[in-house]
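Engineer: Order-wise, the sequence lines are chains A and B.
For my numbering, count along the first sequence from 1 and bump the result up by 20.
For my numbering, count along the second sequence from 1 and bump the result up by 9.
Following this message is one structure expressed as structure tokens.
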Amino acid sequence: MTNSSILREELAKHDLTVSASVCYNCSTCVNSCPVSRITEGRYNPRKIIQLANSEYEDKLYVNLEPNTWECTMCELCHEDCPQGVNLHEILLLVKNVISKEYECPKHHLAEAESLTEFGKAIPSSRSIERRREQLGLPEVKETDVQEVCKLIQMSTIAEYGLEPQCPEMKKRLEERKKKKAKRKKLRKERLQKEENDNE
Amino acid sequence: MSEQTVPEYDPDYDTDKKYDCNFFPGCTISNRLPFIEKSSRLVFEKLGVVFHDKPFGCCPDPVGIRSIDMESWFVLAARNLAIAEEDNYPMIIMCNGCAETLVSAVNELRHDEKVLKEVNDELKKVDRKYKTQVRVYHFVDALYRKIGTKNIKKMVERPLENINLAVHIGCHFFRPESDLGYKNPERKQYSQKIMEALGANVIDYEEKDLCCGYAASLQDNDISLGILYEKLKSIKEAGDIDAIVVNCPTCFQQFENGQRLVKRKYNLDVNIPILYVTEAMALAFGFDPKELGFKYHRVKLRNFLKEKGFTEKKSKKK
Numbered sequence: 021m022t023n024s025s026i027l028r029e030e031l032a033k034h035d036l037t038v039s040a041s042v043c044y045n046c047s048t049c050v051n052s053c054p055v056s057r058i059t060e061g062r063y064n065p066r067k068i069i070q071l072a073n074s075e076y077e078d079k080l081y082v083n084l085e086p087n088t089w090e091c092t093m094c095e096l097c098h099e100d101c102p103q104g105v106n107l108h109e110i111l112l113l114v115k116n117v118i119s120k121e122y123e124c125p126k127h128h129l130a131e132a133e134s135l136t137e138f139g140k141a142i143p144s145s146r147s148i149e150r151r152r153e154q155l156g157l158p159e160v161k162e163t164d165v166q167e168v169c170k171l172i173q174m175s176t177i178a179e180y181g182l183e184p185q186c187p188e189m190k191k192r193l194e195e196r197k198k199k200k201a202k203r204k205k206l207r208k209e210r211l212q213k214e215e216n217d218n219e
Numbered sequence: 010m011s012e013q014t015v016p017e018y019d020p021d022y023d024t025d026k027k028y029d030c031n032f033f034p035g036c037t038i039s040n041r042l043p044f045i046e047k048s049s050r051l052v053f054e055k056l057g058v059v060f061h062d063k064p065f066g067c068c069p070d071p072v073g074i075r076s077i078d079m080e081s082w083f084v085l086a087a088r089n090l091a092i093a094e095e096d097n098y099p100m101i102i103m104c105n106g107c108a109e110t111l112v113s114a115v116n117e118l119r120h121d122e123k124v125l126k127e128v129n130d131e132l133k134k135v136d137r138k139y140k141t142q143v144r145v146y147h148f149v150d151a152l153y154r155k156i157g158t159k160n161i162k163k164m165v166e167r168p169l170e171n172i173n174l175a176v177h178i179g180c181h182f183f184r185p186e187s188d189l190g191y192k193n194p195e196r197k198q199y200s201q202k203i204m205e206a207l208g209a210n211v212i213d214y215e216e217k218d219l220c221c222g223y224a225a226s227l228q229d230n231d232i233s234l235g236i237l238y239e240k241l242k243s244i245k246e247a248g249d250i251d252a253i254v255v256n257c258p259t260c261f262q263q264f265e266n267g268q269r270l271v272k273r274k275y276n277l278d279v280n281i282p283i284l285y286v287t288e289a290m291a292l293a294f295g296f297d298p299k300e301l302g303f304k305y306h307r308v309k310l311r312n313f314l315k316e317k318g319f320t321e322k323k324s325k326k327k
């Protein structure tokens, strides 16, 4: 189906290949997962691990089935797994790859933007400053945003919030943009096709 | 490092002394819920802690930022640790998320020299270095393990007698255990034990360990509300609860804002005020409710304060 193995590369980089592969499909994670319960199995951590180990990992990014962003990050699956699969970091990596190759949900995007602008994920506002004054609280100490930006300037976060700083990054951004557009188109086509098939 | 050899709390802790600590409120508290910062400062000051404010950046958020880029998340966490290390005071963190980020970063950097070197190579870009010396505490750990309920009890002027509380500690307080390195199963009861030390009745409820559901709301609000509904329903069923006590600002927001939405969607009328651990403590320590900024709570405390007799200015019992 696809020869892309971005996720497997990432898993290897973070020493998680073995952790993902020891899953024996017992579905304990599904039973502990509150999101699985609420969505009646639509969201399924077992399936995410299976796809991460398979040639079909694209489903995780293109079809978003299951949609890893629906995870509420309670880490129960991670805690309960009898095989000790590091679901916590594997699910995070899946989201990292989606962010890198496509785009992250709006809220996350806003956080990334805010981080590059203020050095904090949640910026202050006029009304909050007034409130702090009324409560007799000191002003919030500002962090050195330049420093924050310097540390993340080659990262996916910077891609969401910063103007490209150097030729290398500009080039990378261009490449990613093209890739994203291509994949977006692919996803649209697939969803359309599935819809047609269903009809 | 066996937990058994560590005493319940620091026996030498003396509330008459002054203890310098770095204060890490996190951006949700300082930039969204500043009244929690207020009670935190008052309570810790009363217990002998002197807070120092530092130009920390985002912790960063273990849900939002970490989902986009794990590596940047880690480097920025290390940057905060390096800033804290400048004077090496212990760091007291007021938020579950910030605590998860900073505690797991401290643990990983302490145990993995390769990672430490990589991170320090990055930090060199901004002329910083992390020397793995910093001590970080979730504020509930600082209260229970360092200061101790004995000292907390000493400060109570207005016991929370006849007040029924439901306690919710939040997932990131103790999970993932492998990263946070807490081995003590009793840790889950620290918040409850602190409330009991204040004289309150802590009421058990069925879904005590269930997530508040907040993080799912970033993608799908129906999932988030579904989880919150189960949680609130079991709190309602537990009987006469006067307030829900939390030690995480994200859970605080989810419980406050979600009550209205759960009522609309599931027709479940909850209307129970939410108290931060430090707010409940501030009430018991005899601080004037006015000073604590309760008017900024979304679920109003007017009836709760009136019923429990908190309206008068400082009623000193002792």
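Positions of the beta carbon are idealized from the N, C-alpha and C atoms, including for glycine.
#1: Of all the CB atoms in chain A, is at least one closer than 8 Å to the CB of N266/B?
#2: In whole angstroms, what separates the C-alpha of R88/B from that of L84/A?
#3: Is it buried or exposed, C46/A, if we count other Cβ atoms within 10 angstroms and call 16 or more buried?
#4: When you compare each of I232/B, K217/B, E246/B to V347/B by their alpha carbons, which one comes out closest?
#5: Count the other C-beta atoms from every protein chain shown that fall within 10 angstroms of the C-beta of V114/A, then say buried if there are 16 or more, exposed otherwise.
#6: Under 9 Å, CB to CB, which of the residues in the segment 215 to 230 of chain B have a partner in chain A?
#7: For the alpha helix (DSSP H) containing L284/B, name the first residue and the last one.
#8: Are at least three pairs of beta-carbons, each pair with one atom in the segment 105 to 119 of chain A and one in the segment 154 to 171 of chain A, less than 8 Å apart?
#9: Taking the beta carbon of K213/A as the centre, do at least 16 other beta carbons fall within 10 Å, making it buried, or is it exposed?
#10: Looking at the C-beta of C43/A, does it have a partner C-beta in chain B at a distance below 8 Å?
#11: Around the Cβ of Q262/B, are there at least 16 other Cβ atoms within 10 angstroms (buried) or fewer (exposed)?
#12: Which stretch, first to last residue, makes up the alpha helix (DSSP H) that contains Y199/B?
#13: Please report how far the alpha carbon of E117/B lies from the alpha carbon of Y214/B, in whole angstroms.
#14: Please classify V84/B as buried or exposed, where buried requires at least 16 other C-beta atoms within 10 Å of its C-beta.
#15: So is G318/B buried or exposed if we call it buried at 16+ other beta carbons inside 10 Å?
#16: Could you spell out the range, first to last residue, of the alpha helix (DSSP H) harbouring C30/B?
#17: With DSSP run on the structure shown, which of helix, strand or coil describes M103/B?
#18: Express the C-alpha separation of Q103/A and H177/B in angstroms, rounding to a whole number.
#19: Take the Cβ of E122/B as the centre, count every other Cβ of all protein chains shown within 10 Å, and call the residue buried at 16 or more, exposed below.
#20: Answer yes or no: does any C-beta atom of chain A fall closer than 8 Å to that of N40/B?
#21: The alpha helix (DSSP H) spanning V165/A covers which residue range?
#22: On a Cα-Cα basis, can you pick out the residue from Y305/B, H306/B, L314/B, P185/B that is closest to A293/B?
#23: Taking the alpha-carbon of T59/A as reference, which of P86/A, G139/A, A72/A, K208/A has the nearest alpha-carbon?
#24: Assuming N230/B is part of the alpha helix (DSSP H), what are its boundary residues?
#25: Report the residue ranges of all beta strand (DSSP E) runs contained in full by the segment 163 to 203 of chain B; include only those spanning at least 3 residues, in chain order.
#26: Need the endpoints of the beta strand (DSSP E) that Y146/B sits in, please.
#27: Could you tell me how far apart the beta carbons of L129/A and Y180/A are, in whole angstroms, since I believe they sit closer than 8 Å?
#28: Pull up the distance between the alpha-carbon of K272/B and that of H127/A, whole angstroms please.
#29: For S144/A, collect the residues of the same chain with a Cβ closer than 7 Å to its Cβ; drop the 5 residues on either side in sequence, then sort them by chain order.
#30: State the DSSP-derived secondary structure class of F60/B, mapped to helix, strand or coil.
#31: Identify, in the order they occur along the chain, each residue of the same chain with its Cβ nearer than 6 Å to the Cβ of T22/A, setting aside the five sequence neighbours on each side.
#32: What did DSSP end up calling A141/A once you bin it into helix, strand or coil?
#33: Find out if the Cβ-Cβ distance for the pair R119/B, A91/B is shorter than 8 Å.
#34: Going by other Cβ atoms of all chains shown within 10 Å of its Cβ, with 16 needed for buried, is E316/B buried or exposed?
#35: Would you kindly report the start and end of the unbroken beta strand (DSSP E) that includes A252/B?
#36: Three-state secondary structure (DSSP) at V115/B?
Structural biologist: From the atom records:
#1: Walking along the second sequence from the start, residue 266/B turns up at place 257. No, no contact with chain A.
#2: Reading the second sequence from its first residue, position 79 is the one you call residue 88/B. Reading the first sequence from its first residue, position 64 is the one you call residue 84/A. Distance between the alpha carbons of R88/B and L84/A: 34 Å.
#3: Position 26 of the first sequence, counted from the first residue, corresponds to residue 46/A. Under this definition C46/A is an exposed residue.
#4: Residue 347/B is absent from the model: chain B starts at 10 and stops at 327.
#5: Residue numbering aside, residue 114/A sits at position 94 when the first sequence is read from its first letter. With 16 or more other Cβ atoms within 10 Å, it is buried.
#6: D218, L219, C220, C221, G222, Y223, A224, A225, S226, L227, Q228, D229
#7: Reading the second sequence from its first residue, position 275 is the one you call residue 284/B. Where L284/B is concerned, there is no enclosing alpha helix (DSSP H), although the beta strand (DSSP E) it sits in stretches over 283 to 285.
#8: no
#9: For the purposes of this step, residue 213/A is taken as residue 193 along the first sequence, with counting starting at 1. When all chains shown are included, K213/A counts as exposed.
#10: In the first sequence, counting from the first residue as 1, residue 43/A sits at position 23. For C43/A, the answer is no, since every Cβ of chain B falls outside 8 Å of its Cβ.
#11: Your numbering for residue 262/B matches position 253 in the second sequence. Buried.
#12: Counted from its first residue, the second sequence places residue 199/B at position 190. Looking at the DSSP string, the run of the alpha helix (DSSP H) that includes Y199/B is 199 to 206.
#13: Indexing the second sequence from 1 puts residue 117/B at position 108. Indexing the second sequence from 1 puts residue 214/B at position 205. Straight-line Cα distance between these residues: approximately 35 Å.
#14: Taking the first residue of the second sequence as 1, we reach residue 84/B at position 75. With 16 or more other Cβ atoms within 10 Å, it is buried.
#15: In the second sequence, counting from the first residue as 1, residue 318/B sits at position 309. Exposed, since its Cβ has fewer than 16 Cβ neighbours within 10 Å.
#16: Translated into the one-based positions of the second sequence, residue 30/B becomes position 21. Element bounds for C30/B: not the alpha helix (DSSP H) but the beta strand (DSSP E), 28 to 33.
#17: Position 94 of the second sequence, counting from 1, holds the residue named residue 103/B. Coil.
#18: Within the second sequence, the letter at position 168 stands for residue 177/B. Within the first sequence, the letter at position 83 stands for residue 103/A. Distance between the alpha carbons of H177/B and Q103/A: 29 Å.
#19: Along the second sequence, one-based indexing puts residue 122/B at 113. Under this definition E122/B is an exposed residue.
#20: Locating residue 40/B in the second sequence gives position 31, where the first residue counts as 1. Answer yes: the Cβ-Cβ gap between N40/B and chain A drops below 8 Å somewhere.
#21: Against the first sequence, residue 165/A aligns to sequence position 145. That run of the alpha helix (DSSP H) goes 165 to 172.
#22: Position 284 of the second sequence holds residue 293/B. Nearest of Y305/B, H306/B, L314/B, P185/B to A293/B, Cα basis: L314/B.
#23: Taking the first residue of the first sequence as position 1, residue 59/A is located at position 39. Ranking the options by Cα distance to T59/A, first place goes to P86/A.
#24: By 1-based counting over the second sequence, the position of residue 230/B is 221. Unbroken alpha helix (DSSP H) run through N230/B: 230 to 246.
#25: 173 to 177
#26: Translated into positions along the second sequence, residue 146/B becomes position 137. Note, Y146/B: beta strand (DSSP E), 145 to 147.
#27: The residue you call residue 129/A lines up with position 109 of the first sequence. The residue you call residue 180/A lines up with position 160 of the first sequence. Sure, about 6 Å apart at Cβ, within 8 Å.
#28: Position 263 of the second sequence, counted from the start, is the residue given in the question as residue 272/B. Position 107 of the first sequence, counted from the start, is the residue given in the question as residue 127/A. Looking at the two C-alpha atoms, the distance is approximately 24 Å.
#29: As a first step, residue 144/A is located in the first sequence; it is residue number 124 there, counting from the start. If we look at S144/A and ignore the five residues flanking it on each side, its Cβ neighbours are V160.
#30: Here residue 60/B is taken as the residue at index 51 of the second sequence, counted from 1. It is a strand residue.
#31: Your numbering for residue 22/A matches position 2 in the first sequence. At T22/A, the pLDDT of 46 sits below 50, so the modelled position is not reliable and the matter cannot be decided from this model.
#32: The sequence position of residue 141/A within the first sequence is 121, counting from 1. Correct three-state label for A141/A: coil.
#33: The residue you call residue 119/B lines up with position 110 of the second sequence. The residue you call residue 91/B lines up with position 82 of the second sequence. Cβ atoms of R119/B and A91/B: not closer than 8 Å.
#34: Locating residue 316/B in the second sequence gives position 307, counting from the first residue. Its Cβ having fewer than 16 others within 10 Å, E316/B is exposed.
#35: Position 243 of the second sequence, counted from the start, is the residue given in the question as residue 252/B. Taken as a continuous stretch (DSSP letters only), the beta strand (DSSP E) holding A252/B covers 252 to 255.
#36: Counted from its first residue, the second sequence places residue 115/B at position 106. The answer is helix: DSSP assigns V115/B an H, G or I state.
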